[in-house]
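Which chain is which? The protein sequence lines are A and B, in order.
Going letter by letter, the first sequence gives residues 118 to 547 in the numbering used here.
Going letter by letter, the second sequence gives residues 118 to 547 in the numbering used here.
First comes the structure, then the notes that go with it.
Protein chains: 2
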Amino acid sequence: MAAARPQGVRDTTRLTERGERGGGADQASMRRTNLGLILRHLRDHGGQSRARVASETGLSKATLSSLIADLVDRGLVTEGELERGGSVGRPGLTLHVDGRHVAGLGLEINVDFLALTAVDLTGRVLVESTRPLDTAALPVAEVVEAAAELLTRATRSLRARGVRPVAVTVAVPGSIDPAAGRVMFAPNVGWRDVPLVRELTARLGRSAPPVVIENDAKLGAVAEHTLVAASGIDDLVYLTGDVGVGAGIIVEGHVLRGASGFAGEVGHIPLDPAGGACACGRRGCWETMVGLGAFLRLAADEGDPVRDPRRPLEERLGELHARAAGGDDRAVAAVDRVGRDLGVGLSVLVDLFDPRLVVLGGWFAYFRDALVPPLQATLAARALTDSVPHVTASDLGLAAASRGGAHLALGSVFRDPGGIDPPKPSSRPA
Amino acid sequence: MAAARPQGVRDTTRLTERGERGGGADQASMRRTNLGLILRHLRDHGGQSRARVASETGLSKATLSSLIADLVDRGLVTEGELERGGSVGRPGLTLHVDGRHVAGLGLEINVDFLALTAVDLTGRVLVESTRPLDTAALPVAEVVEAAAELLTRATRSLRARGVRPVAVTVAVPGSIDPAAGRVMFAPNVGWRDVPLVRELTARLGRSAPPVVIENDAKLGAVAEHTLVAASGIDDLVYLTGDVGVGAGIIVEGHVLRGASGFAGEVGHIPLDPAGGACACGRRGCWETMVGLGAFLRLAADEGDPVRDPRRPLEERLGELHARAAGGDDRAVAAVDRVGRDLGVGLSVLVDLFDPRLVVLGGWFAYFRDALVPPLQATLAARALTDSVPHVTASDLGLAAASRGGAHLALGSVFRDPGGIDPPKPSSRPA
């Protein structure tokens with residue numbers, strides 16, 4: 118289970134600080150820990166000789182030898198000639214992370230498309246593609262079949278290029294039970310209690326990489342975090358406009374999941390007992406103010422073509438965008454109102470999470486220029502401290518969740534390389 | 118800085134999963150990492166021979182020797198005779214964590230008391246004391262002086278017993294800047310922008326352990342987590358009733374701090390635009406419904422003695438508790454109403470954090486029997502998933518925050534034993 122929470126032995130003294138290597142460890146788990154240690158050491162320090170790795174990690178020669186042989190077997194490390202870079206003396210052999218031959222895959226299943234991204238261990242995007250699919254109108258089995266096809270084609274093409282896909286994260290727009298591999302409820306595609314991991318795995322066959330599922334907004338947050346982590350931003354809120362409003366929250370560099378994987382549900386924050394009726398049966402939930410339906414009702418009368426559900430959403434949003442840009446009073450006021458109401462709800466998330474950055478995704482990103490100013494003003498006016506986050510919009514478009522899924526899949530390689538099977542002789546890269 | 122976030126080298130491939138040993142590491146930081154590794158290994162596996170530690174950790178003999186000498190120098194590990202426990206053969210020497218000679222300290226500064234707790238590395242509470250002090254009425258300098266006295270007396274008495282205090286966490290009821298060691302704003306004690314760490318350190322002298330500060334509700338959450346972590350509960354919300362309402366949130370075993378240390382501010386969730394006026398200038402914030410003032414207004418008319426601010430709060434709450442227990446309509450209705458409104462606000466925290474447990478502290482804990490049923494019913498009615506947390510009340514009383522502070526202080530020992538100075542010859546335990 119690549120994306121599941123690491124199952125380290127419990128920290129029996131119940132400390133509450135980060136930065137510890139997993140609590141207790143017997144010899145077998147210590148070996149896996151050390152496998153990851155060496156791989157991360159090589160990642161962070163470039164190529165190094167065996168002698169240098171031994172001296173810097175403090176591991177014994179015998180242990181190191183055996184661990185390196187294991188990493189080479191798994192196709193994660195190669196031994197090659199030192200780049201001399203001006204130094205004197207004879208060139209020696211150095212160990213390198215073999216990042217180009219291993220990839221993580223992310224697949225998003227959304228209302229009207231599938232998206233697939235593959236990223237290799239060096240962070241390079243190898244594949245990024247979308248395929249229109251009216252998932253909401255199709256039976257679950259057909260959608261799963263299409264997803265499996267896309268994955269199979271991608272894994273084949275990667276393997277043909279000498280790249281081994283090691284794990285897949287599937288993004289779903291709904292609440293999921295990651296441990297059980299089930300989609301609990303994904304209203305926009307009309308799914309309820311779908312054992313997606315089982316269904317997909319059955320279609321992918323035995324040679325396929327392991328599959329986990331995750332909520333699409335959480336994976337969008339992961340993708341945005343990969344873009345800013347190098348700037349030291351490890352606390353962010355990703356907020357995506359959909360039929361409702363979804364969120365993925367990064368806390369100290371890690372996506373927030375909660376005890377059962379349901380964390381980050383922001384749509385039903387009760388902001389006004391006298392507010393509009395919500396699909397959940399209550400009134401004044403945040404999504405009755407900033408969801409797509411609310412926005413369309415604010416922006417146009419009922420007969421207006423932008424409210425015609427039979428027209429493609431992108432077209433209707435494009436039209437509204439043009440109206441707002443052209444100064445149409447009603448469209449301008451609607452965007453402004455949604456921007457301010459986004460600010461009210463976001464102020465709750467800012468008080469609770471104290472993020473450094475807020476990223477808008479989905480249709481919010483499309484209206485970024487007009488939404489961000491009223492949003493940021495509301496946030497500043499409601500701030501309890503000077504710590505007001507920067508607000509920006511996503512540039513990842515439809516690929517946000519699949520990109521995040523690919524990165525999450527790769528995380529398992531560095532965390533626990535012992536969980537990555539060695540390549541089959543036939544698929545070993547040349 | 119015991120409680121500050123570990124300063125590991127950045128994870129340059131921007132992964133977003135837990136369980137990795139800190140990113141890159143040069144030889145010096147690898148040495149510190151390995152010090153912690155051995156100490157935690159001994160903690161989790163009891164006494165072990167050098168040979169066994171070498172074989173299980175994979176560290177070379179030379180590295181291990183040097184690391185163990187360092188841990189012994191720092192007074193964290195001792196080498197003693199093996200308890201044979203029925204096994205045959207001659208007894209050998211084994212390494213042990215020397216938990217009884219090292220303590221973490223927590224000190225709480227609150228409105229009408231100071232509290233101090235010392236906990237040793239084995240988790241035993243060595244000191245737990247409170248001292249009444251009208252901090253809100255005294256100048257900051259006098260409170261700091263009293264806190265320093267309490268700390269000095271405790272460290273002296275611990276040292277006399279052969280116990281070395283290694284770090285202090287000071288709990289303050291307000292928003293703090295942990296990095297700067299400043300209290301930003303603590304309205305209940307009337308503090309604004311107090312450089313508390315500097316002031317305390319100046320009074321404690323050079324031989325004192327390092328001091329960090331943290332918000333009291335965050336430390337209360339840490340203390341509650343130490344009590345349930347062994348049951349596998351690593352996601353909890355601690356909610357404390359005060360003049361307002363404070364929260365400490367544990368996410369995957371770690372206290373939530375946010376980018377600037379301000380996370381967990383729950384009092385001003387805007388639940389009703391038509392609600393009562395809040396001290397923050399807006400209307401309908403959660404604390405206008407569940408704060409102490411709201412409760413007293415709901416429970417009794419203005420002239421009622423329980424609303425007389427000159428009487429001790431504990432006495433007034435005791436009287437209200439007796440009235441509610443005796444079936445007084447007004448008191449019963451007030452507790453029921455606060456319980457339901459606690460449920461409304463808590464439903465937001467449940468949606469966002471998906472905790473396994475909610476713990477009530479402060480005066481909420483005092484009314485636990487009457488508050489929990491309406492609270493739990495509201496939470497269940499508002500739940501979006503089946504994942505409804507258990508709700509309970511704290512038994513730690515006034516010691517919650519200082520207990521949490523002591524545990525947090527100890528965290529630094531296992532995380533980074535290299536940051537713990539060796540004992541001075543005079544204070545070395547016999």
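Yeah, the Cβ is synthetic: ideal placement off N, Cα and C, and Gly gets one too.
Three-state secondary structure (DSSP) of residue 456 (chain B): Counting from one through the second sequence, the residue named residue 456 (chain B) turns up at place 339. Three-state DSSP puts residue 456 (chain B) in a helix.
Using 8 Å as the Cβ pair cut-off and three pairs as the minimum, do the region 256-268 of chain B and the region 316-333 of chain B touch? yes
Would you mind telling me which residues of chain B sit closer than 7 Å to residue 147 (chain A), beta carbon to beta carbon, in chain order? Translated into the one-based positions of the first sequence, residue 147 (chain A) becomes position 30. Under the 7 Å cutoff, chain B gives 173, 174, 175.
Cβ neighbours of residue 253 (chain A) in the same chain (closer than 6 Å, five flanking residues each side left out): Within the first sequence, residue 253 (chain A) is the residue found at index 136, counting from 1. Closer than 6 Å at the Cβ level, and outside the excluded window around residue 253 (chain A), lie 228, 306, 307.
Whole-angstrom distance between residue 347 (chain A) and residue 172 (chain A), CA atom to CA atom: To locate residue 172 (chain A), count along the first sequence from 1; it is residue 55. To locate residue 347 (chain A), count along the first sequence from 1; it is residue 230. For residue 172 (chain A) and residue 347 (chain A), the distance between alpha carbons rounds to 28 Å.
First and last residue of the uninterrupted beta strand (DSSP E) at residue 531 (chain B): In the second sequence, the residue the question calls residue 531 (chain B) occupies position 414. Not the beta strand (DSSP E): residue 531 (chain B) falls in the alpha helix (DSSP H), residues 517-532.
Is residue 185 (chain A) close to chain B? Criterion is C-beta to C-beta, closer than 8 Å. Residue 185 (chain A) sits at position 68 when you count from the first residue of the first sequence. False, the Cβ-Cβ gap to chain B never drops below 8 Å.
Residues from the region 147-166 of chain B in contact with chain A, defined by Cβ distance under 8 Å: 147, 148, 150, 151, 153, 154, 157, 158, 160, 161, 162
Who are the near neighbours of residue 213 (chain A) in its chain, counting only those whose CB is closer than 7 Å to its CB and skipping five residues on each side? Within the first sequence, numbered from 1, the residue matching residue 213 (chain A) stands at position 96. Excluding sequence neighbours, residue 213 (chain A) sits near 159, 164, 194, 195, 197.
Short CB-CB distance (under 8 Å) between residue 473 (chain A) and chain B: Translated into the one-based positions of the first sequence, residue 473 (chain A) becomes position 356. True, the Cβ-Cβ gap to chain B drops below 8 Å.
Would you say residue 472 (chain B) and residue 191 (chain B) are within 8 Å of each other, going by their C-beta atoms? Against the second sequence, residue 472 (chain B) aligns to sequence position 355. Against the second sequence, residue 191 (chain B) aligns to sequence position 74. In this structure, residue 191 (chain B) does not lie closer than 8 Å to residue 472 (chain B) by Cβ.
Identify whether residue 257 (chain A) lies in helix, strand or coil by the three-state DSSP scheme. Mapped onto the first sequence, residue 257 (chain A) falls at position 140. In this structure, residue 257 (chain A) counts as helix in the three-state DSSP scheme.
Kindly give me the distance between the Cβ atoms of residue 372 (chain A) and residue 408 (chain A), rounded to whole angstroms, as I take these residues to be in contact under 8 Å. Position 255 of the first sequence holds residue 372 (chain A). Position 291 of the first sequence holds residue 408 (chain A). That belief does not hold up - the Cβ atoms of residue 372 (chain A) and residue 408 (chain A) are roughly 23 Å apart, past 8 Å.
Taking residue 391 (chain A) as the query, report the chain B residues whose CB atoms sit under 9 Å from its CB, ordered along the chain. The residue labelled residue 391 (chain A) in the question sits at position 274 within the first sequence. The answer, in chain order, is 389, 390, 391.
Below 8 Å on the Cβ atoms is my guess for residue 381 (chain B) versus residue 469 (chain A); work out the distance and round it to an integer in Å. Taking the second sequence and counting its residues from 1, the one referred to as residue 381 (chain B) is at position 264. Taking the first sequence and counting its residues from 1, the one referred to as residue 469 (chain A) is at position 352. Contact holds; Cβ gap of about 7 Å.
Enumerate in chain order the residues of its own chain whose CB-to-CB distance from residue 489 (chain A) is below 6 Å, with the five nearest sequence positions on each side excluded. As a working note, residue 489 (chain A) is residue 372 in the first sequence. Within the same chain, residue 489 (chain A) has close Cβ partners 508.
Since residue 190 (chain B) meets chain A, which of its residues come closer than 7 Å, beta carbon to beta carbon? Along the second sequence, read from residue 1 onward, the residue named residue 190 (chain B) stands at position 73. Within 7 Å Cβ-Cβ: nothing; residue 190 (chain B) doesn't reach chain A, min ~18 Å.
State the Cα-Cα distance for the pair residue 511 (chain A) and residue 309 (chain B), rounded to the nearest angstrom. On the first sequence, residue 511 (chain A) is found 394 positions in, with the first residue counted as 1. On the second sequence, residue 309 (chain B) is found 192 positions in, with the first residue counted as 1. Each residue's Cα considered, the two are about 38 Å apart.
Evaluate residue 144 (chain A) with the Cβ neighbour count: other Cβ atoms within 10 Å of its Cβ, from every protein chain shown; 16 or more gives buried, anything less gives exposed. The sequence position of residue 144 (chain A) within the first sequence is 27, counting from 1. Residue 144 (chain A) should be labelled exposed.
Which one or two residues does DSSP pair with residue 412 (chain A) in a beta bridge? Position 295 of the first sequence, counting from 1, holds the residue named residue 412 (chain A). DSSP, once it has assigned bridges, lists no residue as partnering residue 412 (chain A).
From the DSSP secondary-structure annotation, give me the bridge partner or partners of residue 249 (chain B). Position 132 of the second sequence holds residue 249 (chain B). Paired residues: B:230.
Should residue 440 (chain B) and residue 450 (chain B) be called a contact, given that it needs their Cβ atoms to be closer than 8 Å? Residue numbering aside, residue 440 (chain B) sits at position 323 when the second sequence is read from its first letter. Residue numbering aside, residue 450 (chain B) sits at position 333 when the second sequence is read from its first letter. Taking 8 Å as the Cβ cut-off, residue 440 (chain B) and residue 450 (chain B) do not qualify as a contacting pair.
CB-CB under 7 Å to residue 387 (chain A), same chain, minus the five flanking residues each way: which ones, in chain order? For the purposes of this step, residue 387 (chain A) is taken as residue 270 along the first sequence, with counting starting at 1. Here the set comprises 399, 401, 402.
6 Å CB neighbourhood of residue 148 (chain A) in its chain, flanking five on each side removed: Here residue 148 (chain A) refers to the residue found at position 31 of the first sequence. Within the same chain, residue 148 (chain A) has no close Cβ partners at all.
Whose Cβ in chain A lies nearer than 9 Å to the Cβ of residue 385 (chain B)? As a first step, residue 385 (chain B) must be located in the second sequence, where it is residue number 268. Within 9 Å Cβ-Cβ: 464, 465, 468, 499, 501.
From the beta carbon of residue 511 (chain B), is the nearest beta carbon of chain A less than 8 Å away? Sequence index remark: in the second sequence, residue 511 (chain B) carries index 394 (1-based). Not closer than 8 Å to any Cβ of chain A, the Cβ of residue 511 (chain B) fails to qualify, so no.
Taking the alpha carbon of residue 246 (chain A) as the point to measure from, which residue in A:519, A:526, A:503, A:528 has its own alpha carbon closest? In the first sequence, residue 246 (chain A) corresponds to position 129, counting from 1. Of the candidates A:519, A:526, A:503, A:528, the one whose C-alpha sits nearest the C-alpha of residue 246 (chain A) is A:519.
Going by C-alpha distance, which of B:277, B:424, B:215, B:316 is nearest residue 287 (chain B)? For the purposes of this step, residue 287 (chain B) is identified with residue 170 of the second sequence, where counting begins at 1. That would be B:316, whose Cα lies nearest to the Cα of residue 287 (chain B).
Between residue 314 (chain A) and residue 224 (chain A), how many whole angstroms is the CB-CB distance? I'm expecting something under 8 Å. Your numbering for residue 314 (chain A) matches position 197 in the first sequence. Your numbering for residue 224 (chain A) matches position 107 in the first sequence. Actually they are not in contact, since the Cβ atoms of residue 314 (chain A) and residue 224 (chain A) sit about 12 Å apart, beyond 8 Å.
Residue 483 (chain B) versus B:461, B:501, B:464, B:456, residue with shortest Cα-Cα distance: Stepping through the second sequence from its first residue, residue 483 (chain B) is reached at position 366. With distances taken between Cα atoms, residue 483 (chain B) lies closest to B:456.
Rounded separation between residue 217 (chain B) and residue 238 (chain B) - CA only: Translated into positions along the second sequence, residue 217 (chain B) becomes position 100. Translated into positions along the second sequence, residue 238 (chain B) becomes position 121. One C-alpha to the other measures close to 6 Å.
Do residue 495 (chain A) and residue 443 (chain A) have their beta-carbon atoms positioned less than 8 Å apart in this structure? Taking the first residue of the first sequence as position 1, residue 443 (chain A) is located at position 326. Taking the first residue of the first sequence as position 1, residue 495 (chain A) is located at position 378. No, they are not a contact pair.
In whole angstroms, what separates the C-alpha of residue 536 (chain B) from that of residue 232 (chain B)? Reading the second sequence from its first residue, position 419 is the one you call residue 536 (chain B). Reading the second sequence from its first residue, position 115 is the one you call residue 232 (chain B). Residue 536 (chain B) and residue 232 (chain B): Cα-Cα distance of roughly 26 Å.
Extract the residue ranges of the beta strand (DSSP E) inside the region 437-487 of chain B, only unbroken runs of 3 or more that lie entirely within it. 474-479
Of all the residues that make up the region 473-495 of chain B, which are near chain A by a beta-carbon distance shorter than 7 Å? 473
Quick one: does residue 180 (chain B) have its CB under 8 Å from some CB of chain A? Taking the first residue of the second sequence as position 1, residue 180 (chain B) is located at position 63. Yes, residue 180 (chain B) lies at the interface with chain A (some Cβ there is under 8 Å from its Cβ).
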